[in-house]
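Engineer: Take a look at this one; I'll ask things after.
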Amino acid sequence: MPEGHTLAALARDLHAAFAGTTPTVTSPQGRFAQGAARVSGRPFVGATSRGKHLLLEFGDEQWVHVHLGLIGTFTVDAGDWTAEAPVTGAVRMRLATPEHVADLRGPIVCSVLTPEEVAAVLARLGPDPLRPDADPERAWQRIHRSGRSVAELLMDQAVLAGVGNVYRCEVLWRHRLSPTTAGRDLRPASWSLVWDDLVRLMPLGVATGRIVTVEEQVLEVEAALGRGERPRLTRRTSSVYKREGLPCERCGSRIRARLVAGRTLYWCGRCQRRR
Ligand SMILES: [Zn+2]
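Set out below in structure tokens:
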């Protein structure tokens, strides 16, 4: 499933391609035909993301709400579309101008919302580490009262928006936290470290299109971005994710895997042992 950094990058690309234009909106597949008719020909105000939710604002306070779910994709292509771009696959929604075409396929949500409905969607979401205005205290208020494990809580979008399975596994490993620790047993200092780390790591995901959590690479990417260069990722980018059975790079113990909150959790049984 795409994590928050993917949606943030997508919002950035859609905004760059369409903000200030008046795209033609269609539903080649037909399932969004009514919604498309409501927003087509209206000015495209902008695109934003919150966690895994994408919001496209059109003129007269019309919003299109998109959630990609597990298999959805949204591609943005530049080109001279004076002739109509060919349709490949089941395109739920297409935005088209003479310069760009964006095709949405396989989302679990694609609907037109009123501003009140947008507010209701946002109210259900926890803070998003990618947003400068996010308040980690809102997440902590839920975490420190919860008997659920941190591995479950980090995946709960009402607690924290945008974090998915890869960031969950990696951030717990980076701070030697046992995934089975209950939220109410987590120390405030540990939560601060986790939050600050997500705030540091997730923008690197937006910038590179990859989840980068191995410290050596994190430093390289930060340095490249600081120099205004495009970071090159040539090596492994995760420490525990999808590394079941391999030795932990910190302690040599075997990386374990188990299903938690519907997704496979990877962790080191030794250096993330419960304290
Ligand atoms: Zn280890």
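In full-length UniProt numbering, the protein residues as written are 1 to 275.
Glycine is no exception: its CB is placed at the ideal position from the N, C-alpha and C atoms.
Rounded C-beta distance between Leu246 and Ala102? I'm assuming under 8 Å.
Structural biologist: At roughly 39 Å, the Cβ-Cβ gap does not stay under 8 Å, so Leu246 and Ala102 are not in contact.
Engineer: Here's a check: name, in chain order, each residue in its chain whose Cβ is nearer than 7 Å to the Cβ of Leu70, leaving out the five neighbours to either side.
Structural biologist: Excluding residues within five positions, the ones whose Cβ falls inside 7 Å are Met1.
Engineer: Using only alpha-carbon positions, find the residue among Arg142, Val112, Arg176, Leu56 that is nearest to Cys125.
Structural biologist: The question names Cys, yet the displayed sequence has Leu at residue 125. Closest by alpha carbon: Arg142.
Engineer: State the CB to CB distance for the pair Phe74 and Leu10, rounded to an integer number of angstroms; the pair is presumed to be in contact (CB under 8 Å).
Structural biologist: Correct: roughly 6 Å between the Cβ atoms.
Engineer: Under a three-way DSSP split, which group does Trp63 fall into?
Structural biologist: Of the three classes helix, strand and coil, the one that applies to Trp63 here is strand, per DSSP.
Engineer: Could you check if Pro98 is buried or exposed, using at least 16 other CB atoms within 10 Å of its CB as the buried criterion?
Structural biologist: That one is exposed.
Engineer: Would DSSP call Trp81 helix, strand or coil?
Structural biologist: In this structure, Trp81 counts as coil in the three-state DSSP scheme.
Engineer: Entirely within the stretch 16 to 77 and at least 3 residues each: give me those beta strand (DSSP E) ranges in chain order.
Structural biologist: Listed in chain order, they are 24 to 26, 44 to 50, 53 to 58, 62 to 67.
Engineer: For ligand 1, I want to know if Ser253 counts as a neighbour, meaning its beta carbon is within less than 7 Å of at least one of the ligand's heavy atoms.
Structural biologist: For ligand 1, at least one heavy atom lies less than 7 Å from the Cβ of Ser253.
Engineer: Does DSSP classify Thr114 as helix, strand or coil?
Structural biologist: Thr114 falls in the coil class under three-state DSSP.
Engineer: Can you tell me the Cα-Cα spacing of Thr180 and Val212, whole angstroms?
Structural biologist: Roughly 24 Å between the two C-alpha positions.
Engineer: Are the CB atoms of Glu3 and Val109 within a distance shorter than 8 Å?
Structural biologist: In this structure, Glu3 does not lie closer than 8 Å to Val109 by Cβ.
Engineer: Mind checking which residues open and close the alpha helix (DSSP H) that includes Leu246?
Structural biologist: No alpha helix (DSSP H) holds Leu246; DSSP gives it neither H nor E.
Engineer: What are the boundary residues of the alpha helix (DSSP H) that includes Asp196?
Structural biologist: Asp196 -> alpha helix (DSSP H) spans 188 to 208.
Engineer: Need the endpoints of the beta strand (DSSP E) that Ala102 sits in, please.
Structural biologist: Segment 100 to 105, the beta strand (DSSP E) holding Ala102.
Engineer: For Glu117, which residues from the same chain have a beta carbon less than 8 Å from its beta carbon, with the 5 sequence-adjacent residues on both sides left out?
Structural biologist: Counting only Cβ-Cβ distances below 8 Å, and skipping sequence neighbours, we find Trp63, His65.
Engineer: With a CB to CB cut of under 7 Å and the five nearest residues on each side skipped, what residues in its chain are close to Leu198?
Structural biologist: Pro129, Val163, Tyr167, Val171.
Engineer: So what does DSSP say about Arg274, is it helix, strand or coil?
Structural biologist: Here Arg274 sits in coil by DSSP.
Engineer: I'd like to confirm something about Cys268: is its beta-carbon nearer than 7 Å to some heavy atom of ligand 1, or not?
Structural biologist: Yes; taking the cut-off as 7 Å, the Cβ of Cys268 has a heavy atom of ligand 1 nearer than that.
Engineer: Which residue wins for smallest C-alpha separation from Pro107, given the options Tyr266, Leu68, Ala123?
Structural biologist: Nearest of Tyr266, Leu68, Ala123 to Pro107, Cα basis: Leu68.
Engineer: Nearest to Ser149 by alpha carbon, out of Pro132, His5, Ser178?
Structural biologist: It is Ser178 whose Cα lies nearest to the Cα of Ser149.
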